[in-house]
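In the UniProt record's numbering, the protein residues as written are 1 to 335.
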């Protein structure tokens with residue numbers, strides 16, 4: 001692996017911020033650190049960047065120990081949530097700043113700036129100042145500035161959180177395109193599950209200073225290993241074994257061999273099939289139209305299940321229904 005973290009521990013006074021963090025990042029990989037506020041993801045990013053010391057463990061890049069290397073000598077590109085553009089510099093001057101500090105020739109700087117402004121689709125904005133740009137445009141410039149120095153690694157600290165929903169979606173696609181084209185290993189911090197699922201090759205789901213699960217987006221969504229991951233990465237219905245035995249016994253065949261009662265079934269709302277049935281054991285408690293789908297809450301055998309489907313013909317609040325699910329869509333999580 002390109003970047004290796006082993007046994008990273010970090011405390012602030014008596015509080016443990018990170019505990020026993022092991023992580024590998026491949027040479028062209030896009031990794032998302034995903035988790036709620038306070039889980040340690042930004043602390044971990046800042047440690048990788050060299051902006052924070054850590055108590056114990058090791059960080060290597062291509063086999064080279066980074067533990068004592070200051071941030072300025074690591075050769076990483078960093079994009080913060082606040083963009084941090086220099087207000088008194090033009091777009092071109094902002095993008096070329098790192099190269100100028102390195103003492104690169106003017107023609108080399110100009111060529112690199114032109115190349116990057118074309119890459120981020122702002123070729124005609126070189127002479128503008130940050131206050132003349134939209135939030136999305138400022139974020140593109142911040143990304144171009146980070147890329148200008150040919151970084152060994154790109155670090156993104158919630159770069160899209162200050163943007164509105166439409167711009168955020170557009171910027172997500174552009175970041176994905178740029179990273180795939182340049183093949184620079186990238187670590188991005190986010191609390192947005194959709195962002196992580198759509199951008200990452202690998203998601204690192206964190207909680208309370210620890211890594212809960214590492215895997216591809218499909219691994220974490222379809223095969224969560226813990227209750228936290230099942231609940232944080234998308235919506236889920238978590239149901240105890242005894243309930244499953246009564247309501248959906250066909251799902252028991254998918255339970256891990258030798259699993260104890262300390263496992264719960266994880267049923268994703270879109271995988272549940274619902275149909276009106278006058279003699280069905282379920283009752284529709286609520287229906288919410290969400291544009292491309294309808295979300296239903298169904299009371300069944302003392303539990304309330306969330307179901308999502310495209311359209312809801314023949315269903316209404318109070319309707320009797322039956323639910324079903326293919327066993328292969330059921331995941332089991334430890335509790």
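Even for Gly, the Cβ is constructed at its ideal location relative to N, Cα and C.
All values reported here derive from a predicted model rather than from experimental measurement.
Taking CB distances under 8 Å as the criterion, tell me whether residue i reaches chain E.
{"i": "residue 230", "result": "The structure shown contains no chain E, having only a single protein chain."}
What would DSSP say about residue i, mapped onto helix, strand or coil?
{"i": "residue 287", "result": "strand"}
{"i": "residue 135", "result": "helix"}
{"i": "residue 27", "result": "coil"}
{"i": "residue 268", "result": "coil"}
{"i": "residue 172", "result": "helix"}
{"i": "residue 274", "result": "strand"}
{"i": "residue 80", "result": "coil"}
{"i": "residue 315", "result": "coil"}
{"i": "residue 226", "result": "strand"}
Whole angstroms is fine: what's the gap from residue i's alpha carbon to residue j's?
{"i": "residue 182", "j": "residue 229", "result": "31 Å"}
{"i": "residue 74", "j": "residue 65", "result": "11 Å"}
{"i": "residue 214", "j": "residue 220", "result": "8 Å"}
{"i": "residue 324", "j": "residue 3", "result": "44 Å"}
{"i": "residue 172", "j": "residue 34", "result": "15 Å"}
{"i": "residue 198", "j": "residue 313", "result": "30 Å"}
{"i": "residue 255", "j": "residue 321", "result": "26 Å"}
{"i": "residue 100", "j": "residue 109", "result": "7 Å"}
{"i": "residue 18", "j": "residue 275", "result": "47 Å"}
{"i": "residue 308", "j": "residue 331", "result": "17 Å"}
{"i": "residue 38", "j": "residue 106", "result": "43 Å"}
{"i": "residue 54", "j": "residue 47", "result": "7 Å"}
{"i": "residue 13", "j": "residue 303", "result": "43 Å"}
{"i": "residue 200", "j": "residue 278", "result": "45 Å"}
Roughly how far, in whole angstroms, is the beta-carbon of residue i from the beta-carbon of residue j, given that I think they are within contact range, below 8 Å?
{"i": "residue 226", "j": "residue 333", "result": "6 Å"}
{"i": "residue 266", "j": "residue 217", "result": "In fact, because the Cβ distance is near 16 Å, the residues do not count as touching under 8 Å."}
{"i": "residue 23", "j": "residue 5", "result": "4 Å"}
{"i": "residue 169", "j": "residue 179", "result": "So it is not a contact: roughly 16 Å between Cβ atoms."}
{"i": "residue 294", "j": "residue 280", "result": "That pair is no contact at about 18 Å."}
{"i": "residue 113", "j": "residue 92", "result": "5 Å"}
{"i": "residue 335", "j": "residue 268", "result": "That pair is no contact at about 17 Å."}
{"i": "residue 283", "j": "residue 318", "result": "6 Å"}
Report yes if the C-beta distance between residue i and residue j is below 8 Å; otherwise report no.
{"i": "residue 188", "j": "residue 156", "result": "yes"}
{"i": "residue 204", "j": "residue 145", "result": "no"}
{"i": "residue 122", "j": "residue 137", "result": "yes"}
Within the same chain, show all residues whose beta-carbon is closer than 7 Å to that of residue i, passing over the 5 residues directly before and after it, in chain order.
{"i": "residue 90", "result": "126, 127, 128, 129"}
Skipping 5 residues on each side, what residues in its chain have a beta carbon closer than 8 Å to that of residue i?
{"i": "residue 16", "result": "9, 10, 209"}
{"i": "residue 87", "result": "129, 130, 131"}
Sorted by chain position, which residues of the same chain lie with C-beta nearer than 6 Å to residue i's C-beta, five sequence neighbours on each side aside?
{"i": "residue 152", "result": "75"}
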